[in-house]
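Notes follow the structure.
There are 2 protein chains.
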Amino acid sequence: MGKREENKQKTRQAIIDAAIKLFSEKGFDKTRVSDLAEEARIGKGTIYGYFKTKSEILLAFCEDEIEYVFNEVRIKAKQESSLLERLQTLFMAQFRYVTKNNEFGRILAREMTFPEAANKESCKGLEERYLAEISEILITAISQKELRDDVELIFIVGHFYALYLIVLSAWYDGRFQTEQEIQEALHKLLTQAMEGLSPQ
Amino acid sequence: MGKREENKQKTRQAIIDAAIKLFSEKGFDKTRVSDLAEEARIGKGTIYGYFKTKSEILLAFCEDEIEYVFNEVRIKAKQESSLLERLQTLFMAQFRYVTKNNEFGRILAREMTFPEAANKESCKGLEERYLAEISEILITAISQKELRDDVELIFIVGHFYALYLIVLSAWYDGRFQTEQEIQEALHKLLTQAMEGLSPQ
DNA sequence: CATAAAAGTTGACTACGGTCAATTTTTAAT
DNA sequence: ATTAAAAATTGACCGTAGTCAACTTTTATG
């Protein structure tokens, strides 16, 4: 009775494994959906029983990988570091991951911020995961009086996430060239957000 | 001698006119490039002598329209209104324009924040135009002591633009349903940015 | 075990964005 | 006016994402 369920899991994973291999090897655009099918030893049509679009496969694959990034960050983020440092660490880790392979980082970012109708659901899941990770940091910060506690949490989370996205966007626009520049820009923006933009 | 140049302008405009008509009538996805060609009374191949991709046509068409939005805003933005009000007016006007036709607003936003390689150039132009419009407001604000003058302007511009984008993204994710909600969210975020997120 | 319904698989097919070699039009030179 | 080079136009063609009707496998029922 678990036979069907079991096979579905296996097939799904086989597709993701094929994606990890081929997307990394040849990049997203250069990998045909039929290539993925061949690598996963299934028919091309079958893939569409598991994923609505090609980019949804990328999303699924990132959903797996992102957990590694978050874990890595949790280890680095010692209890004693300040809110700003912790945010900086998280965002830089995301940035490094996402730009390791320039091409599919951009596609991921695109889908996550302004998803196609078909990908909306998986994107929302992934975004929720991102926001949750930021939330965790902010909740600690609030309890340690490093942050205002008179605004809805979600708006603070969104605020910081927005700053990360704009820096990422600027990177893809070619406004920043080096990791160093990204780091500085992020730092300036986060500091601004903390201090406020009103005079004095 | 101006014959060639003149024709090029005419053809370019014919394509944009076709785009205005068909994108509005049938939407971006449902409009084939060959439809645009037919409407503009030219061959499909010709279009690619003027625009690198289908979405670049959308971008060009928005570049025209956006000026109307900015003008509209300038009229509303009386001299006496505060920085926050002026930003709110600008962003809400952009929001209304961009979501008037839900579909191509999303595509525009996608391309502008994380453009495909082929569209990078036109996107940058359009984004520059957006940022310039925000800059103008901020420069006035700085001279009226409504804003800190000890941070690079571009980072303040980017900060506010980021907040606009995150709200737009949240709208497309379905996190906000009404214009009212957008307005409130935007207001909260802009206020946060002014006041800062540090305790008191 | 037989069997019928449900679920899953498949590759030929469709649709469309983008390319390009062949053709036409414009310009510049004599 | 002639003509050759340059620029612009074109639609047949290509590649690939996504669909779907036919087919296979699994499950549930008696």
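These protein sequence lines map, in sequence, to chains X and H.
The numbering of the first sequence is the numbering used here, which starts it at 513 and goes up by one.
The numbering of the second sequence is the numbering used here, which starts it at 513 and goes up by one.
Every residue, glycine too, gets a C-beta built ideally from N, C-alpha and C.
This one's a predicted model, so the numbers in the text were calculated from it and none came from an experiment.
Within the same chain, 528, 531, 532 and 535 come within 8 Å of residue 573 of chain X by CB-CB distance, once the 5 residues on both sides are set aside.
Under the 8 Å Cβ criterion, the region 665–676 of chain X counts as touching the region 658–678 of chain H, having at least three qualifying pairs.
Remark: C-beta atoms of residue 539 of chain H and residue 615 of chain H approach each other more closely than 8 Å. Only those residues of the region 609–626 of chain H whose C-beta falls short of 7 Å from the nearest C-beta of chain X are listed: 618, 621, 622, 625 and 626. Between residue 648 of chain H and chain X, the shortest Cβ-Cβ separation is not below 8 Å. What residue 671 of chain H touches in chain X, judged by beta-carbon distance under 8 Å, is 675, 678, 701, 704, 705 and 709, going in chain order.
Setting aside the 5 residues that flank it on each side, residue 559 of chain X is surrounded in the same chain by 527, 545, 548 and 549, each with a C-beta closer than 7 Å to its C-beta; the list follows chain order. Taking a beta-carbon distance threshold of 8 Å, residue 667 of chain H counts as an interface residue toward chain X.
Under the three-pair Cβ rule at 8 Å, the region 631–650 of chain H counts as touching the region 575–592 of chain H.
Counted as a single uninterrupted DSSP element, the alpha helix (DSSP H) harbouring residue 606 of chain X occupies residues 595–612.
Of the residues assessed, residue 692 of chain X falls on the exposed side of the cut-off, its CB having fewer than 16 other CB atoms within 10 angstroms. For residue 636 of chain X, the chain H residues whose C-beta falls within less than 7 Å of its own C-beta are 685, listed in chain order. In the three-state scheme derived from DSSP, where H, G and I count as helix and E and B as strand, residue 643 of chain H is classed as helix.
Relative to residue 627 of chain X, the option among H:631, H:620 and H:633 whose CA is nearest is H:620. The region 589–600 of chain H makes contact with the region 644–653 of chain H; the number of CB pairs closer than 8 Å reaches 3 or more. For residue 673 of chain X, the enclosing alpha helix (DSSP H) starts and ends at 665–684. If you draw a 10 Å sphere on the C-beta of residue 617 of chain H, you find 16 or more other C-beta atoms in it, and that means buried. Using a 10 angstroms sphere on the CB of residue 631 of chain H, the tally of other CB atoms reaches 16 or more, which defines it as buried.
Where residue 583 of chain H is concerned, the enclosing alpha helix (DSSP H) starts and stops at 566–588. Here residue 634 of chain H is buried: its Cβ has 16 or more other Cβ atoms, across all protein chains shown, within 10 Å.
For residue 695 of chain H, the uninterrupted alpha helix (DSSP H) segment begins and ends at 691–707. Restricting attention to X:671, X:660 and X:657, the CA atom closest to the CA of residue 646 of chain X is found in X:671. Taking C-beta atoms as the reference points, residue 562 of chain X and residue 524 of chain X count as a pair closer than 8 Å. Taking C-beta atoms as the reference points, residue 683 of chain X and residue 625 of chain X fail to come closer than 8 Å.
When C-alpha distances from residue 709 of chain H are compared across X:698, X:700 and X:661, the shortest belongs to X:661. Judged by DSSP secondary structure, residue 549 of chain X falls within the alpha helix (DSSP H) whose first and last residues are 545–551. DSSP, reduced to helix, strand and coil, places residue 710 of chain H outside both helices and strands of the structure shown, so it counts as coil. Bounds of the alpha helix (DSSP H) holding residue 556 of chain H are 556–562. Taken through DSSP and simplified to helix, strand or coil, residue 616 of chain H comes out as helix. Linking residue 567 of chain H to residue 697 of chain X through their CA atoms gives a straight-line distance of about 30 Å. Against residue 681 of chain H, the close residues of chain X are 625 and 626, in the order they occur along the chain (beta-carbon pairs closer than 7 Å).
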